[in-house]
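Notes follow the structure.
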Amino acid sequence: MSEAVFSSPFFGLTLTAACWVFALWLQKRTGLLVCNPVLVAALLVIGVMTLFHVSLEDYNAGGSIIKLMLGPATAVLALNIYQQRQILRSHFLPVLAGCLMGSLTSIAVVLAFCWFFATEDMFTASMVPKSITTAIAVGISESRGGIQGITAASVVITGVEGAMLSPLFAKLFRITDPVAEGVAIGASSHAIGTSKALEIGPLQGAMSSVSLCVCGILTSILVLFL
Amino acid sequence: MHIMAEAAIIFGICLLSEGIAALLPFTFPASVISMLILAVLLLTGAVKPKHIQLLSGFFIANMGMFFIPSLVGTLEYAEILKARFIPFLVITLATTPVVYLVTAWTVQLLIRHLHRKGGESHE
Numbered sequence: 081m082s083e084a085v086f087s088s089p090f091f092g093l094t095l096t097a098a099c100w101v102f103a104l105w106l107q108k109r110t111g112l113l114v115c116n117p118v119l120v121a122a123l124l125v126i127g128v129m130t131l132f133h134v135s136l137e138d139y140n141a142g143g144s145i146i147k148l149m150l151g152p153a154t155a156v157l158a159l160n161i162y163q164q165r166q167i168l169r170s171h172f173l174p175v176l177a178g179c180l181m182g183s184l185t186s187i188a189v190v191l192a193f194c195w196f197f198a199t200e201d202m203f204t205a206s207m208v209p210k211s212i213t214t215a216i217a218v219g220i221s222e223s224r225g226g227i228q229g230i231t232a233a234s235v236v237i238t239g240v241e242g243a244m245l246s247p248l249f250a251k252l253f254r255i256t257d258p259v260a261e262g263v264a265i266g267a268s269s270h271a272i273g274t275s276k277a278l279e280i281g282p283l284q285g286a287m288s289s290v291s292l293c294v295c296g297i298l299t300s301i302l303v304l305f306l
Numbered sequence: 183m184h185i186m187a188e189a190a191i192i193f194g195i196c197l198l199s200e201g202i203a204a205l206l207p208f209t210f211p212a213s214v215i216s217m218l219i220l221a222v223l224l225l226t227g228a229v230k231p232k233h234i235q236l237l238s239g240f241f242i243a244n245m246g247m248f249f250i251p252s253l254v255g256t257l258e259y260a261e262i263l264k265a266r267f268i269p270f271l272v273i274t275l276a277t278t279p280v281v282y283l284v285t286a287w288t289v290q291l292l293i294r295h296l297h298r299k300g301g302e303s304h305e
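Here the protein sequences line up with chains A and B, keeping their order. Using my numbering, you'd call the opening residue of the first sequence number 81 and step up by one each time. Using my numbering, you'd call the opening residue of the second sequence number 183 and step up by one each time.
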């Protein structure tokens, strides 16, 4: 009976939805950025699978249905661009230049480290898109032969780091312009950083959400030249 | 709009993007193509935000949930991650401040420069 339960697509669907809702609740309850719901939920799913000896194949019967929805979830990010079109227009050049420099820097620094550690191609391909939003990052990783899970893990950790440290970065690097601060948060720590940018200020939040979309697009284009 | 009409619009754009991605001579994420198509449709007014508000609200509010299967899938590659744990952590954590620094200063210097030239304030 347990085999029939675990191999049903409803197992992966139920487990993912339940862990996600619990992790959201936990984040709200504790208010801690480290309790990132994506990270907590994934660890919970892995915990349950380990406890009941559920194979990855069984989980994926339902998990793959949720993963499929990553495509439409990325598409609707276009609403961000649309809603922020005025700000994007009035700061077009600085935003574009900042995102271009940020995306290039991210790719260059990752490649330099990978060269230093002499990592295998599969690992390098997984790390290259680590600064951009998960939905686009896993797409790039997959199309370059990387491992989606490693990419997703790196992206989420990057986001939590950026959200926690970006106020410190602004002070340390003497960033006083709110537009510059917002663009930098979006470029270095995507959507998770944006949640912090929105707390810092509405202009920072808006710039950050525009920046995460622009950097996602630019990085997808830039990696074509690698 | 009926929620299934919204689904038809959004899924249709995703389907079209996969077709375009297959035709491209290089590999490019279909999800980025679908985002660009939807952005163009919204900016030209062909699609109004209210045409997709129910479903996009659901997707945006639960964005994180869709990454869970990818993260769980790392289990399959636990050996690689274990063997490469130090590079993984160093790359992940060290890149972020560098990207922040370069991006913020590019924007800040450019805004100051344009401000001096045009005399137009952004605040």
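For each residue, glycine too, the CB sits at the ideal point set by N, CA and C.
> Where does A:Phe171 fall in DSSP's three states?
Replying inline: Reading the sequence as shown, one finds His at residue 171 of chain A and not Phe. Here A:His171 sits in coil by DSSP.
>> Between which residues of its own chain and B:Met245 is the CB-CB distance below 8 Å, once the five residues before and five after are set aside?
In response: none
>> Beta-carbon within less than 6 Å of A:Val290's beta-carbon, same chain only, minus the 5 sequence neighbours each way: which residues are those?
In response: Gln164 and Leu168
> How about A:Gln284: is its C-beta nearer than 8 Å to some C-beta of chain B?
Replying inline: no
>> Can you check whether the C-beta of B:Glu261 is within less than 8 Å of a C-beta belonging to chain A?
In response: no
> Counting contacts by CB-CB distance shorter than 8 Å, is B:Ile234 in contact with chain A?
Replying inline: yes
> When we look at the beta-carbon of B:Glu261 and count the other beta-carbons within 10 Å, is it buried (16 or more) or exposed?
Replying inline: exposed
> Using a Cβ-Cβ cut-off of 6 Å (strictly less than) and excluding sequence neighbours within five positions of B:Leu223, which residues of its own chain qualify?
Replying inline: Val229
>> Along the segment 203-221 of chain A, where does the CB come closer than 8 Å to a CB of chain B? Name the residues.
In response: Phe203, Met207, Lys210, Ser211, Thr214, Ala215, Ile216, Val218, Gly219 and Ile220
> Taking 8 Å as the CB-CB cut-off, is B:Met183 touching chain A?
Replying inline: no
> Between which two residues does the alpha helix (DSSP H) carrying B:His295 extend?
Replying inline: Phe267 to Gly300
> Among A:Ser211, A:Leu124, A:Met207 and A:Val114, which one has its Cα closest to the Cα of B:Met247?
Replying inline: A:Leu124
> What is the DSSP secondary structure of A:Arg165, reduced to helix, strand or coil?
Replying inline: helix
> Of all the options A:Ala121, A:Lys147 and A:Val114, which has the alpha carbon lying nearest to the alpha carbon of A:Thr238?
Replying inline: A:Val114
> Where do the N-terminal and C-terminal ends of the alpha helix (DSSP H) with A:Asn140 fall, by residue?
Replying inline: Leu136 to Leu148
> Mapping DSSP to helix, strand and coil, what is A:Asp201?
Replying inline: helix
> Can you round the beta-carbon distance between A:Ile187 and A:Ser300 to whole angstroms, since I take them to be within the 8 Å contact cut?
Replying inline: So it is not a contact: roughly 11 Å between Cβ atoms.
>> To the nearest angstrom, how far is the alpha carbon of B:Leu291 from that of A:Leu112?
In response: 34 Å
>> I need the DSSP call for A:Gly111, collapsed to helix, strand or coil.
In response: coil
>> Among the candidates A:Lys251, A:Gly219, A:Ala260 and A:Ser269, whose CA atom is the shortest distance from the CA of B:Thr209?
In response: A:Gly219
> Which whole-angstrom value describes the C-beta separation of B:Leu220 and A:Ala264, a residue pair presumed to lie in contact below a C-beta threshold of 8 Å?
Replying inline: Contact flag wrong, Cβ pair sits at about 26 Å.
>> Considering only the alpha carbon of each residue, which of B:Val284, B:Ala187 and B:Gly300 lies closest to B:His170?
In response: Since the first and last residues shown for chain B are 183 and 305, residue 170 of chain B lies out of range.
> Going by Cα to Cα distance, which pick from A:Met149, A:Gly262 and A:Val236 is closest to A:Pro307?
Replying inline: With chain A covering 81 to 306 only, the question about residue 307 of chain A has no answer from this structure.
> Which first and last residues belong to the alpha helix (DSSP H) in which A:Gly239 is found?
Replying inline: Gln228 to Leu252
>> Among B:His295, B:Gln235, B:Glu258 and B:Val284, whose alpha-carbon lies nearest the alpha-carbon of A:Ser135?
In response: B:Glu258
> Would you call the segment 181-199 of chain A and the segment 241-259 of chain A touching, i.e. three or more CB-CB distances under 8 Å?
Replying inline: no
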